[in-house]
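Input: a single structure, listed below in structure tokens.
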Amino acid sequence: MAGDRWLVVTNGTWPDRERMKGLVGASRHLIVCDGALNRWTDDLKVPTIVIGDFDSVDSSLLTAWESKGAQLLNVEDQDTNDLHKALAHIKSIGAGSSLVVGATGGDPAHELANLLTCSTTPLETQWHTQTHEYLFFNPGVDYSIDFFPGQEFSLFAFEMSTRVMLKGTHFPLDGDTLDSGSRGLHNRATATQVDLAYESGSLMMIRALREEGPSEDGYEA
Numbered sequence: 048m049a050g051d052r053w054l055v056v057t058n059g060t061w062p063d064r065e066r067m068k069g070l071v072g073a074s075r076h077l078i079v080c081d082g083a084l085n086r087w088t089d090d091l092k093v094p095t096i097v098i099g100d101f102d103s104v105d106s107s108l109l110t111a112w113e114s115k116g117a118q119l120l121n122v123e124d125q126d127t128n129d130l131h132k133a134l135a136h137i138k139s140i141g142a143g144s145s146l147v148v149g150a151t152g153g154d155p156a157h158e159l160a161n162l163l164t165c166s167t168t169p170l171e172t173q174w175h176t177q178t179h180e181y182l183f184f185n186p187g188v189d190y191s192i193d194f195f196p197g198q199e200f201s202l203f204a205f206e207m208s209t210r211v212m213l214k215g216t217h218f219p220l221d222g223d224t225l226d227s228g229s230r231g232l233h234n235r236a237t238a239t240q241v242d243l244a245y246e247s248g249s250l251m252m253i254r255a256l257r258e259e260g261p262s263e264d265g266y267e268a
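Set out below in structure tokens:
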């Protein structure tokens with residue numbers, strides 16, 4: 048499993064049913080947070096792992112999915128949320144990246160906690176919502192991101208990010224420092240590939256899902 052990509056499912060708003068089934072079906076490794084198990088149905092793949100403190104799911108559901116082959120991982124840590132538990136675990140067993148669904152919607156405090164969690168994880172992480180994708184980047188990596196010309200996006204810094212290089216966009220950056228704030232709001236691609244790199248800090252990109260359908264790999268290093 049080292050270096051593999053994991054699909055992480057939390058208990059927020061999921062993409063539409065067909066897209067959700069497609070993402071689950073295409074995943075090789077699947078970790079479901081315990082609250083999301085209440086909505087998991089038989090037409091979806093058996094989770095590789097179900098993780099959480101198991102206080103928000105009926106024990107009969109846990110038993111049923113365990114009998115189908117899911118590994119149950121009880122992590123009783125009240126200082127971290129389920130997404131943090133899931134990302135920390137898959138990182139510890141060698142995951143290279145993650146695709147998260149269900150991180151938005153519902154309680155806005157949970158959504159903000161999820162954003163901050165992913166801004167600090169060393170995993171390259173991507174979110175899919177009903178309408179947008181979020182890309183979380185790591186410093187010291189050269190990224191090439193597929194776009195269509197004119198596609199809008201916003202680039203945000205969770206903390207001061209230095210020597211930011213952004214090419215293939217209407218508003219490029221050339222070694223700039225990007226602080227937390229609105230400077231990166233509403234940029235757009237001018238090419239089919241946007242290049243991004245930075246030296247230190249924490250960056251996240253938000254863009255609408257592609258009209259021709261979401262890519263399975265929003266970016267590649």
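Residue numbers 48 to 268, in our numbering, belong to the letters of the sequence shown in order.
Where is the CB? At the ideal position from N, CA and C, for every residue including glycine.
According to DSSP, residues forming a beta bridge with residue i
i, result
"Trp-174", "Val-147, Tyr-181"
"His-76", "Trp-53"
"Phe-203", "Met-251"
Under the three-state DSSP convention, the category residue i falls into
i, result
"Val-56", "strand"
"Glu-123", "coil"
"Ala-117", "coil"
"Gly-324", "Since the first and last residues shown for the chain are 48 and 268, residue 324 lies out of range."
"Arg-210", "strand"
"Arg-64", "helix"
Supposed contact pair residue j and residue i - C-beta distance, whole angstroms, cut 8 Å
i, j, result
"Thr-239", "His-217", "About 14 Å; that fails the 8 Å criterion."
"Ser-201", "Gly-153", "Rounded, the Cβ-Cβ distance is 22 Å, inconsistent with contact."
"Val-55", "Ser-145", "5 Å"
Exposure label - residue i; buried when at least 16 CB within 10 Å
i, result
"Leu-163", "exposed"
"Pro-94", "buried"
"Lys-115", "exposed"
"His-233", "exposed"
"Glu-171", "buried"
Pairwise C-alpha distance: residue j and residue i
i, j, result
"Asp-124", "Asp-100", "7 Å"
"Phe-184", "Asn-85", "31 Å"
"Glu-113", "Leu-119", "7 Å"
"Glu-65", "Thr-88", "13 Å"
"Ile-78", "Leu-70", "13 Å"
"Ala-268", "Val-188", "Confidence at Ala-268 is low in this model, with a pLDDT of 46, below 50, so its placement is unreliable and the value that follows should be read with caution. Ala-268 and Val-188: Cα-Cα distance of roughly 7 Å."
"Ser-74", "Trp-53", "7 Å"
"Phe-203", "Ser-107", "42 Å"
is_contact[residue i, chain C] using C-beta, thresh 7 Å
i, result
"Asp-223", "Protein chains in the displayed structure number just one, and chain C is not present."
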